[in-house]
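Notes to accompany the following structure.
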Amino acid sequence: MAKILDGKALSQRLMGEYKARIEEINRNDSICLAMVIAGGDPSSLQYVKANEKKCVSIGINVKIIQLDYDVTQEALEKTISELNDDASVNGVLIQMPLPKHIDKQRVVNLLSPDKDLDCQGDGNIVSLYNNTEGFCPCTPSGAIELLKGYGISLSGKNVCVLGRSSVVGKPLALMLLNENATVTVCHSKTRSLKEECLKSDIIISCTGRAGLVTADMVPDGAVVLDIGTNFVDGKLCGDVDFQAVEKVAGAISPVPGGCGPMTVTMLIKNLLAAYDRQHKTE
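Below, the structure is given as structure tokens:
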């Protein structure tokens, strides 16, 4: 049976380390995360509230800016500019999706790269591409941190990424390259998905297709990371047929409790890095 890559346990350990650092900051200063949400999408609101609860529990000040769905482009951009100029705000997360009438790229590119904690704007995307200092997106970062937390090396490994979204798949592939992995990206037009997976040391799925990864696609002893988020019969599940794949993989992350808890953990890691960068010359 495969080793379970327990993201919840790793997250709790890391959060303990971050809490100690935040307590140190709070003795003489404060640290603040701002989250901007436009409209009343229930899943977005739930995500923002969950982040708020976790951040507040370890001493982070949280500012939620909730705007109406019919907010104008000008008003939203004014909000972002004000957060850029607010020295008390160390990091900003712009919750997606934005209303359909909003030009998303204009908004995220207005956000200061020094406060762009989830690599939403082009400034940090370019840094990721060039492997220079900047913030990496939280979900791919969490996946890589989960592997490292269990001592799984990426250097020289054949890694198959299933999914090419701009939010997870594409940045994850770049981050894996920066870790010296040999990366294959598969997608809906890939002709030989099973064959590509069978060449891999590590398979990472982020497609949003329940049951996509089956046991016959996984080499004996391979590592399988499941970043998928799906609901089947009202229950949360990933992209991987967990019960079957667990019998052949060397290590596997569950859904829930695998990569999911690591996302907000990386958001807080990036917030601390933003604070330190903003105060390094003081």
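Under this note's numbering, the first residue of the sequence shown is numbered 18, with each subsequent residue one higher.
C-beta: ideal position from N, C-alpha, C; glycine also.
With 16 as the cutoff for other CB atoms within 10 Å, does residue i come out buried or exposed?
i	result
Phe248	exposed
Ser209	exposed
Tyr86	exposed
Thr149	exposed
Pro154	buried
Gly151	buried
Glu299	Per-residue confidence for Glu299 stands at a pLDDT of 48, beneath the threshold of 50, marking its modelled position as unreliable; no derived number is given.
Gly186	buried
Met192	buried
Met18	exposed
Gly251	exposed
Ser217	buried
Val130	Checking the sequence, you will find Pro at residue 130 rather than Val. Buried, because 16 or more other Cβ atoms sit within 10 Å of the Cβ of Pro130.
Ser270	buried
Leu288	buried
Glu263	buried
Can you tell which of the options has its C-alpha closest to the C-alpha of residue i?
i	options	result
Leu128	Glu162, Ser105, Leu93 and Ala26	Leu93
Ser222	Ser61, Ser172, Gly166 and Ile161	Ile161
Val235	Ile244, Leu288, Ile220 and Gly228	Ile220
Gly245	Gly140, Leu145 and Ser182	Ser182
Val272	Asp139, Ala227, His118 and Ser205	Ala227
Gly277	Leu163, Val125 and Lys206	Leu163
Lys71	Val281, Ala290, Asn287 and Arg294	Val281
Lys36	Ile21, Gln63, Asn78 and Ala55	Asn78
Asp135	Ile111, Gln122, Pro116 and Val124	Ile111
Ser47	Gln90, Val265, Ile54 and Arg38	Arg38
Val184	Gln137, Ala291 and Pro116	Gln137
Leu22	Gly56, Gly275, Ser158 and Arg294	Gly275
Leu142	Ala190, Tyr167, Lys95 and Leu115	Per the sequence shown, the amino acid found at residue 142 is Ile instead of Leu. Residue Ala190 is the option with its Cα nearest to Ile142.
Lys286	Thr156, Val230 and Arg44	Thr156
Leu145	Leu194, Pro114, Asp120 and Gly180	Leu194
Leu27	Lys206, Lys165, Met113 and Asp237	Lys165
Ile169	Leu242, Tyr64, Leu62 and Glu69	Leu242
Asn45	Val124, Gly76 and Gln122	Gly76
Glu196	Met113, Lys66, Leu171 and Pro188	Leu171
Gln90	Asn68, Lys121 and Leu215	Lys121
Below 8 Å on the Cβ atoms is my guess for residue i versus residue j; work out the distance and round it to an integer in Å.
i	j	result
Ala232	Ala261	4 Å
Val109	Leu100	5 Å
Val176	Thr199	7 Å
Thr224	Asp256	5 Å
Ala51	Lys80	4 Å
Gly32	Gly159	Checking the displayed sequence, the identity of residue 32 turns out to be Met instead of Gly. In fact, because the Cβ distance is near 12 Å, the residues do not count as touching under 8 Å.
Ala266	Ala239	6 Å
Ile54	Gln83	5 Å
Please state the DSSP three-state secondary structure of residue i.
i	result
Asn358	Lying before the first or after the last residue shown, residue 358 is absent from the chain, which here runs from 18 to 299.
Ile82	strand
Asp133	strand
Gly274	coil
Glu299	Unreliable placement is indicated for Glu299, whose pLDDT of 48 sits below 50; the coordinate value is still reported in the next sentence. Coil.
Asn45	coil
Cys153	coil
Ile285	helix
Ile39	helix
Asn68	helix
Asn101	helix
Lys20	strand
Val240	strand
Tell me whether residue i, by its Cβ, gets closer than 6 Å to a heavy atom of the ligand SAM.
i	result
Gly225	Absence of the ligand SAM from the depicted structure is noted, as is the absence of any ligand whatsoever, leaving it without description.
If you scan the segment 181-236 from start to end, which runs of the alpha helix (DSSP H) of 4 or more residues do you find wholly inside it?
186-195 and 210-215
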